[in-house]
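As they're listed, the protein sequences go chains Y and F.
No gaps in the numbering here: position 155 of the first sequence is 155 in the working numbering, and each next residue is one more.
For the working numbering, add 180 to where a residue sits in the second sequence, where the first one is 1.
There are 2 protein chains.
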Amino acid sequence: MRRQQFLEVKEIALAYLKKAGIVLTPQESERIEIADFGLNRLEEIGLQLFVYMNTERCCAKELVLLPGQTCPQHLHPPVDGALGKEETFRCRYGTVYLYVPGPKAEHPHASPPAGREKYYTVWHEIVLNPGEQYTIYPNTPHWFQAGPEGAIVSEFSTKSTDEHDIFIDPAIDRVPRIAD
Amino acid sequence: MRRQQFLEVKEIALAYLKKAGIVLTPQESERIEIADFGLNRLEEIGLQLFVYMNTERCCAKELVLLPGQTCPQHLHPPVDGALGKEETFRCRYGTVYLYVPGPKAEHPHASPPAGREKYYTVWHEIVLNPGEQYTIYPNTPHWFQAGPEGAIVSEFSTKSTDEHDIFIDPAIDRVPRIAD
């Protein structure tokens, strides 16, 4: 991702958080992270996030999604013999469509990013509006996409080790790289 | 606590959450908990809380404190051979004065409830305003009191087992009991 796009999207994410009444300190605002998953299609495939804390035992984040933006399918495997990450998503603003294993939605609200369809294999749909939440246990493939307003999602979880997440799209690189 | 007081304080807690932009579903609003710690002095010594989720591995809550209300000193010991609860408090609204072991504050903002002073033994002061947070590791005695506006505090933690908390005031009973 180019630095200019990073800066623009960071400001948009901060504006979303502000609109939802979520206060970050000025120092925290600088720590907003933007993941484009190495696909260079940030507005379609990406995630803005702020990590409140991430200790050996638990973690809390806010995720901000732009309208229609997708976080690609992945799962959290065991790490060093310990159980993989468990996470609860709670919608704060907008709508998020979450997909997990289970009976396929007949008319899913979301559609995968063009050209990457084969890497979206779970189609049981959970719709989360503000105040609604869902817990994803380890080893459960999942992906999600924001509705037309975008979305803010609080994530409450065990320790987060993004570098261990397994994405099925082989082109994905979870570690953000910013070009000048 | 009398049912009438319980219902009144529940409405106040919901109004605080609403003011801070924290959305609960109607069903969730019914699940607000009020702890008076068995001391029957709820406005001085008590806590209103909403538990988002509490699994075997992690937990998230919102705590609402009335102006000047105190959560008495306690700690989270090991449970069944596992590490005790770790919790991060993040202030969302108002101000909270948190006390933990360490150098005593010269002029602490909070004062313990009258008559129970001897059960407040840690005096290192952490002041949390909106956007500020602090992590309390297991076995660490702590207590907290809201400032004059009251406070909302998000708690991100490992599994919560309130019944195992150790309060040093022997009159305290953590399990709320409501009389008609």
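C-beta atoms are modelled at their ideal positions from N, C-alpha and C, and glycine is treated no differently.
Kindly say whether residue i, judged by its beta-carbon, lies nearer than 8 Å to any beta-carbon of chain Y.
i: Val-203 of chain F; result: yes
i: Ala-240 of chain F; result: yes
i: Thr-301 of chain F; result: no
i: Gln-184 of chain F; result: no
i: Ala-200 of chain F; result: yes
i: Ser-337 of chain F; result: yes
i: Gln-228 of chain F; result: no
i: Glu-343 of chain F; result: no
i: Arg-152 of chain F; result: With chain F represented from 181 up to 360, any question about residue 152 of chain F goes unanswered, as that position is not in the structure.
i: Thr-361 of chain F; result: Look at the range of chain F in this structure, 181 to 360, and you will see that residue 361 of chain F is not part of it.
i: Thr-268 of chain F; result: yes
If distances are taken between C-alpha atoms only, which option among the options comes closest to residue i?
i: Glu-335 of chain F; options: F:Asn-319, F:Thr-320, F:Gln-313; result: F:Gln-313
i: Arg-116 of chain Y; options: Y:Ile-45, Y:Val-64, Y:Gln-5; result: Y:Ile-45
i: Thr-95 of chain Y; options: Y:Gln-145, Y:Gly-84, Y:Phe-6, Y:Cys-59; result: Y:Gln-145
i: Tyr-137 of chain Y; options: Y:Arg-174, Y:Glu-28, Y:Gly-81, Y:Phe-89; result: Y:Phe-89
i: Arg-237 of chain F; options: Y:Leu-83, Y:His-76, Y:Cys-71, Y:Pro-77; result: Y:Leu-83
i: Pro-78 of chain Y; options: Y:Leu-7, Y:Ser-157, Y:Asn-139; result: Y:Asn-139
i: Thr-135 of chain Y; options: Y:Ala-13, Y:His-76, Y:Gly-68; result: Y:His-76
i: Leu-66 of chain Y; options: Y:Cys-59, Y:Ala-171, Y:Ala-15; result: Y:Ala-15
i: Leu-308 of chain F; options: Y:Gln-5, Y:Leu-24, Y:Val-127; result: Y:Leu-24
i: Arg-174 of chain Y; options: Y:Glu-8, Y:Ala-60, Y:Leu-47; result: Y:Leu-47
Round the Cβ separation of residue i and residue j to the nearest angstrom and send it over; I've been treating them as touching at under 8 Å.
i: Pro-310 of chain F; j: Tyr-273 of chain F; result: 6 Å
i: Asn-54 of chain Y; j: Ser-160 of chain Y; result: 5 Å
i: Pro-292 of chain F; j: Thr-250 of chain F; result: 7 Å
i: Glu-87 of chain Y; j: Ser-157 of chain Y; result: 4 Å
i: Ala-114 of chain Y; j: Ala-240 of chain F; result: Actually they are not in contact, since the Cβ atoms of Ala-114 of chain Y and Ala-240 of chain F sit about 36 Å apart, beyond 8 Å.
i: Ile-172 of chain Y; j: Gly-81 of chain Y; result: Between Gly-81 of chain Y and Ile-172 of chain Y the Cβ distance is about 25 Å, and since that is not below 8 Å, they are no contact.
So, at 8 Å on beta carbons, what are the nonlocal neighbours of residue i in its own chain, with the 5 sequence-adjacent residues on each side left out?
i: Gln-73 of chain Y; result: Tyr-99, Tyr-119, Tyr-120, Thr-121, Val-122, Pro-141, His-142, Trp-143, Phe-167, Ile-168, Asp-169
i: Glu-62 of chain Y; result: Leu-17, Ile-22, Leu-49, Phe-50, Tyr-52, Arg-92, Ile-152, Val-153, Ser-154, Glu-155
i: Met-181 of chain F; result: Ile-214, Asp-216, Asn-220, Leu-222, Pro-356, Arg-357, Ile-358, Ala-359
i: Pro-281 of chain F; result: Val-302, His-304, Thr-320, Pro-321
i: Lys-284 of chain F; result: Trp-303, His-304
i: Arg-3 of chain Y; result: Ile-178, Ala-179, Asp-180
Would you say residue i faces chain B, with C-beta separation under 8 Å as the test?
i: Glu-329 of chain F; result: Structure shown: chain B not included; protein chains present are Y and F.
So, at 6 Å on beta carbons, what are the nonlocal neighbours of residue i in its own chain, with the 5 sequence-adjacent residues on each side left out?
i: Ala-200 of chain F; result: Arg-272, Tyr-273, Ile-332
i: His-109 of chain Y; result: Tyr-97
i: Lys-10 of chain Y; result: Ile-32
i: His-164 of chain Y; result: Val-79
i: Ile-306 of chain F; result: Leu-278, Tyr-314
Can you confirm whether residue i, when its beta carbon is compared against all beta carbons of chain F, has any partner nearer than 8 Å?
i: Gln-52 of chain Y; result: Reading off the sequence, residue 52 of chain Y comes out as Tyr, not Gln. Output row for Tyr-52 of chain Y: interface = yes.
i: Pro-78 of chain Y; result: no
i: Glu-33 of chain Y; result: no
i: Glu-28 of chain Y; result: yes
i: Thr-55 of chain Y; result: yes
i: Glu-11 of chain Y; result: no
At a cut-off of 7 Å, would you count residue i as near the ligand NAP, judging by its Cβ distance to the nearest heavy atom?
i: Tyr-99 of chain Y; result: Within the structure as shown, the ligand NAP is missing, as the structure has no ligands at all.
Tell me which residues share the same chain as residue i and place their Cβ nearer than 7 Å to its Cβ, disregarding the 5 neighbours each side in the sequence.
i: Ser-29 of chain Y; result: Leu-14
i: Phe-6 of chain Y; result: Ile-34, Ile-178
i: Asp-342 of chain F; result: Arg-354
Problem - Contiguous beta strand (DSSP E) assignments of at least 3 residues, all confined to the stretch 4-67 of chain Y - result: Here the runs fully enclosed are 33-35, 47-54, 59-65.
Return the chain-ordered ranges of every alpha helix (DSSP H) run that is complete within the stretch 263-291 of chain F and spans a minimum of 4 residues. Entirely contained in the stretch 263-291 of chain F, not one alpha helix (DSSP H) run reaches 4 residues.
Point to revise | beta strand (DSSP E) runs contained entirely in the stretch 287-316 of chain F, provided each spans 3 or more residues | key: Counting whole runs of 3 or more residues, the stretch 287-316 of chain F contains the beta strand (DSSP E) stretches 304-308, 313-316.
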